[in-house]
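K.L.:
This is the structure, below, for whatever I ask next.
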Amino acid sequence: MATVVLLGTLDTKTEEYRWVRDQLRDAGCDALVINVGTFAHGADLAGIGADEVARAAGAELDLLRAARDRGAAMDAMATGAAVIVRRLFDEGRLDGLLAIGGSSGSSVAARALQALPVGVPKLLVSTMASGDVGPYVGDVDVTFMYSVVDISGINRLSRAVLGNAAAAAAGMAQRYARVRHETGDERKLVGATMFGLTTPAVDEARDFLTSAGYEVLVFHATGSGGRAMEALAASGMLDGVLDLTTTELADDLVGGVLTAGPHRLEAAGRAGIPQVVSVGALDMVNFGPRDTVPEKFADRKFLVHNPTVTLMRTTREEMAELGARIGAKLGRATGPVEVYLPLKGVSGIDVEGGPFADPDADAACFTALRDGLADTGVPVHEVDAAINDPGFGRTAAEALHRLIRARRTGE
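Each number in the numbering used here corresponds to the 1-based position in the sequence shown with 1 added.
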């Protein structure tokens with residue numbers, strides 16, 4: 002029988018959670034309730050009480066109550082909930098997670114939802130679903146459902162919404178429980194990063210890797226794509242990373258709209274996953290429509306890519322800093338790494354005669370990257386081609402294939 006973990010604050014919502022628990026049972030699932038509320042133990046409803054959640058975060062429930070600091074208490078309960086939920090999953094006792102809440106309950110639930118790997122059913126019913134859901138979803142596959150009304154009593158409308166949520170969670174959990182032990186597709190998984198202006202290189206690389214027996218997951222390097230790949234690498238799901246398009250680092254440095262945050266290009270290295278890295282689309286920083294570009298950049302070189310995307314050329318100084326940052330990140334990697342530098346252009350518009358052609362800026366990046374890796378043993382290959390020229394993508398993919406195979410065979 003599939004198990005759905007039902008997580009929420011039972012301080013004032015015991016009736017609602019009992020009703021949803023019964024719906025899950027009626028749908029053929031076992032239901033385990035976790036109480037993350039700090040002012041009620043959950044009586045007979047909670048299989049895991051608030052005191053156990055607090056202890057999982059290294060706190061004591063009585064002290065959290067006595068302090069009367071709601072923010073600190075909710076942070077502790079969020080930490081404890083994430084620890085417990087992940088432990089239940091690792092022990093094979095969780096096939097899906099269903100959480101219900103308002104703003105505070107949703108914030109606590111978000112930490113637990115994001116602690117589970119991609120593919121594990123995750124459903125959050127929230128009063129906050131009509132706004133910015135990014136902080137609740139993070140970089141995993143959380144399904145969000147708007148509660149429409151507050152979670153306050155079982156009435157005609159909440160019965161419909163919560164009943165649908167319970168049925169959805171039960172269905173997803175039952176499917177997950179059925180297929181998680183099946184052999185399925187045993188091909189190795191490779192994550193690859195792509196941008197519109199590096200597509201030919203990534204397509205060529207993907208064709209080779211697919212023919213070599215890999216399943217290739219391509220991530221659009223638009224901030225969320227980079228974060229998603231980092232999360233998958235950290236979870237251990239990827240066997241290799243072909244990071245040809247590191248453009249999100251430029252947005253993080255300069256202040257563009259497609260940043261993946263300061264920790265981009267770190268997860269694979271920490272996890273020891275083989276990776277082949279290039280400098281795809283570092284020649285550009287991304288903004289929205291032209292009139293949204295900050296005034297401080299008025300004297301820079303721009304290209305209106307489409308009505309909603311404006312590209313700004315990175316300077317020589319910025320390219321040098323990007324090369325240094327990449328070198329520092331890759332120098333800390335615990336697994337095999339190789340770097341491929343396209344000496345004739347890092348994107349489809351950074352080529353001879355192209356609008357972003359700037360060999361001096363590119364050279365500054367290459368020099369800083371080489372210098373940063375000089376004493377690390379990480380190979381840096383210089384290719385006399387632009388990134389999208391035929392052969393570059395395949396060469397990088399062949400290198401990743403070699404690294405993955407060597408790791409598997411111990412060569």
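Just so you know, even glycine gets a beta-carbon here, dropped at the ideal spot from N, CA and C.
Measuring straight from C-alpha to C-alpha, what distance separates THR15 and ILE152?
P.N.:
What you label residue 15 is simply residue 14 of the sequence shown in a count that begins at 1. What you label residue 152 is simply residue 151 of the sequence shown in a count that begins at 1. Taking the straight line joining both Cα atoms gives about 11 angstroms.
K.L.:
Please list the terminal residues of the continuous alpha helix (DSSP H) segment that includes ILE85.
P.N.:
Numbered from its first residue, the sequence shown carries residue 85 at position 84. Residues 71-91.
K.L.:
Select from TYR341, CYS366, LEU158, ALA73 the residue whose C-alpha is nearest the C-alpha of GLU399.
P.N.:
Position 398 of the sequence shown, counted from the start, is the residue given in the question as residue 399. Of the listed residues, the one whose Cα sits closest to GLU399 is TYR341.
K.L.:
What three-state label does DSSP hand MET313 in the structure shown?
P.N.:
Start at 1 with the first residue of the sequence shown, and residue 313 comes out as number 312. For MET313, the secondary structure class from DSSP, reduced to helix, strand or coil, is strand.
K.L.:
Could you spell out where the beta strand (DSSP E) holding ASP361 opens and where it closes?
P.N.:
For the purposes of this step, residue 361 is taken as the residue at position 360 of the sequence shown. Segment 360-373 is the alpha helix (DSSP H) holding ASP361; no beta strand (DSSP E) there.
K.L.:
Using a threshold of 8 angstroms, state whether the C-beta atoms of PRO308 and PRO337 are closer than that.
P.N.:
Taking the sequence shown and counting its residues from 1, the one referred to as residue 308 is at position 307. Taking the sequence shown and counting its residues from 1, the one referred to as residue 337 is at position 336. No.
K.L.:
Thinking just about the alpha-carbon of each residue, which of ASP361, ARG71, LYS345, GLY270 is nearest to the one in LYS330?
P.N.:
By one-based count along the sequence shown, residue 330 stands at place 329. Minimum Cα distance to LYS330 is reached at GLY270.
K.L.:
From PHE393, GLY81, PRO343, pick the residue whose C-alpha is nearest to that of ASP52; which is it?
P.N.:
What you label residue 52 is simply residue 51 of the sequence shown in a count that begins at 1. Among PHE393, GLY81, PRO343, the Cα nearest to that of ASP52 belongs to GLY81.
K.L.:
Which runs of the alpha helix (DSSP H) spanning at least 4 residues fall entirely within the stretch 88-171, listed in chain order?
P.N.:
104-115, 135-138
K.L.:
Going by Cα to Cα distance, which pick from ASP284, PHE90, MET313 is closest to GLY324?
P.N.:
If you number the sequence shown from 1, residue 324 lands on position 323. Taking only the C-alpha atoms, the option nearest GLY324 is ASP284.
K.L.:
Within 10 angstroms of the Cβ of ASP376, are there 16 or more other Cβ atoms? Answer buried if so, exposed if not.
P.N.:
Sequence index remark: in the sequence shown, residue 376 carries index 375 (1-based). Its Cβ having fewer than 16 others within 10 Å, ASP376 is exposed.
K.L.:
Using a Cβ distance threshold of 8 angstroms, determine whether the stretch 270-282 contacts the stretch 234-248, with at least three qualifying pairs required.
P.N.:
yes
K.L.:
To which residues of the same chain is LEU404 closer than 6 angstroms at the C-beta, ignoring the five residues directly before and after it?
P.N.:
Residue mapping note: residue 404 aligns to position 403 of the sequence shown, counting from 1. Taken in chain order, the residues that qualify are PRO275, PRO337.
K.L.:
Might you give, ordered along the chain, the residues of its own chain that have their beta carbon closer than 8 angstroms to the beta carbon of LYS302, omitting 5 neighbours on each side?
P.N.:
Taking the first residue of the sequence shown as 1, we reach residue 302 at position 301. Correct list, in chain order: MET313, ARG314, PRO356, PHE357.
K.L.:
Exposed or buried, what is ASP351 when buried is set at 16 or more other beta-carbons lying within 10 Å of its beta-carbon?
P.N.:
Here the question's residue 351 lines up with position 350 in the sequence shown. Buried, by the Cβ-count rule.
K.L.:
Using 8 angstroms as the cut-off, can you tell me whether the stretch 187-195 makes contact with the stretch 217-232, which would need three or more C-beta pairs spanning the two stretches below that distance?
P.N.:
Contact between the stretch 187-195 and the stretch 217-232 is present: three or more C-beta pairs spanning the two stretches fall below 8 angstroms.
K.L.:
When we look at the beta-carbon of PHE40 and count the other beta-carbons within 10 Å, is it buried (16 or more) or exposed?
P.N.:
The residue you call residue 40 lines up with position 39 of the sequence shown. Its Cβ having fewer than 16 others within 10 Å, PHE40 is exposed.
K.L.:
Determine, using beta carbons only, whether ALA170 and GLY256 come nearer to each other than 8 angstroms.
P.N.:
For the purposes of this step, residue 170 is identified with residue 169 of the sequence shown, where counting begins at 1. For the purposes of this step, residue 256 is identified with residue 255 of the sequence shown, where counting begins at 1. Contact flag unset, no.
K.L.:
Reducing DSSP to helix, strand and coil, say where ILE49 ends up.
P.N.:
Walking along the sequence shown from the start, residue 49 turns up at place 48. Strand.
K.L.:
Using DSSP with H/G/I as helix, E/B as strand and the rest coil, what is ILE327?
P.N.:
As a position in the sequence shown, residue 327 is number 326, starting the count at 1. Looking at ILE327 - three-state DSSP - the assignment turns out to be helix.
K.L.:
So, helix, strand or coil for LYS189, using DSSP?
P.N.:
Translated into the one-based positions of the sequence shown, residue 189 becomes position 188. LYS189 falls in the strand class under three-state DSSP.
K.L.:
Tell me, which residues are paired with THR194 by DSSP?
P.N.:
Position 193 of the sequence shown, counted from the first residue, corresponds to residue 194. In DSSP, THR194 forms a bridge with PHE220.
K.L.:
With DSSP collapsed to three states, give me the class of PHE288.
P.N.:
Within the sequence shown, residue 288 is the residue found at index 287, counting from 1. In the three-state reduction of the DSSP assignment, PHE288 falls in the strand class.
K.L.:
Can you grab the Cα-Cα spacing for the pair ALA362 / LYS345, in whole Å?
P.N.:
As a first step, residue 362 is located in the sequence shown; it is residue number 361 there, counting from the start. As a first step, residue 345 is located in the sequence shown; it is residue number 344 there, counting from the start. Between ALA362 and LYS345, the C-alpha separation is close to 12 angstroms.
K.L.:
Tell me which same chain residues have a C-beta within less than 8 angstroms of the C-beta of ILE49, skipping the five on either side of it?
P.N.:
As a position in the sequence shown, residue 49 is number 48, starting the count at 1. Result list for ILE49: LEU33, VAL34, ILE35, ASN36, ILE85, in chain order.
K.L.:
Can you say whether ALA407 is buried or exposed, counting buried as having 16 or more other CB atoms within 10 angstroms of its CB?
P.N.:
Looking up residue 407 in the sequence shown gives position 406. Per the 10 Å Cβ criterion, exposed.
K.L.:
Along the chain, where does the beta strand (DSSP E) that runs through ASP31 open and close?
P.N.:
Taking the first residue of the sequence shown as 1, we reach residue 31 at position 30. For ASP31, the uninterrupted beta strand (DSSP E) segment begins and ends at 31-36.
K.L.:
So, do the stretch 193-208 and the stretch 148-166 have three or more beta carbon pairs nearer to each other than 8 angstroms?
P.N.:
Three or more beta-carbon pairs separated by less than 8 angstroms are not found between the stretch 193-208 and the stretch 148-166, which leaves the two stretches without contact.
K.L.:
Quick check: GLU296 and ARG265, are their CB atoms within less than 8 angstroms of each other?
P.N.:
By one-based count along the sequence shown, residue 296 stands at place 295. By one-based count along the sequence shown, residue 265 stands at place 264. Contact: no.
K.L.:
Under a three-way DSSP split, which group does HIS264 fall into?
P.N.:
Position 263 of the sequence shown, counting from 1, holds the residue named residue 264. Correct three-state label for HIS264: coil.
K.L.:
Go ahead and label LEU370 buried or exposed: buried means 16 or more other beta carbons lie within 10 angstroms of its beta carbon, across all protein chains shown.
P.N.:
Within the sequence shown, numbered from 1, the residue matching residue 370 stands at position 369. It is buried - the Cβ of LEU370 has at least 16 other Cβ atoms within 10 Å.
K.L.:
If I measure Cβ to Cβ from VAL384 and keep anything under 7 angstroms in the same chain, skipping five residues before and after, which residues do I get?
P.N.:
Position 383 of the sequence shown, counted from the start, is the residue given in the question as residue 384. Cβ within range, chain order: TYR341, LEU342, PRO343, LEU344, PHE393, THR396.
K.L.:
Let me confirm a value: ASP292 is counted as buried when at least 16 other C-beta atoms fall within 10 Å, else exposed. Which label applies?
P.N.:
Numbered from its first residue, the sequence shown carries residue 292 at position 291. Result: exposed.
K.L.:
Expressed to the nearest angstrom, what Euclidean distance is found between the alpha-carbon atoms of ALA387 and GLY197?
P.N.:
Residue numbering aside, residue 387 sits at position 386 when the sequence shown is read from its first letter. Residue numbering aside, residue 197 sits at position 196 when the sequence shown is read from its first letter. Roughly 15 angstroms separates the two Cα atoms.
K.L.:
Just confirm the distance between the C-beta atoms of ALA365 and ALA321, as a whole number of angstroms; I'd bet it's less than 8 angstroms.
P.N.:
The residue you call residue 365 lines up with position 364 of the sequence shown. The residue you call residue 321 lines up with position 320 of the sequence shown. So it is a contact: roughly 4 angstroms between Cβ atoms.
K.L.:
May I ask you to list the residues that DSSP assigns as paired with THR4?
P.N.:
Translated into the one-based positions of the sequence shown, residue 4 becomes position 3. In the DSSP output, where bridge partners are listed per residue, THR4 has ASP31.
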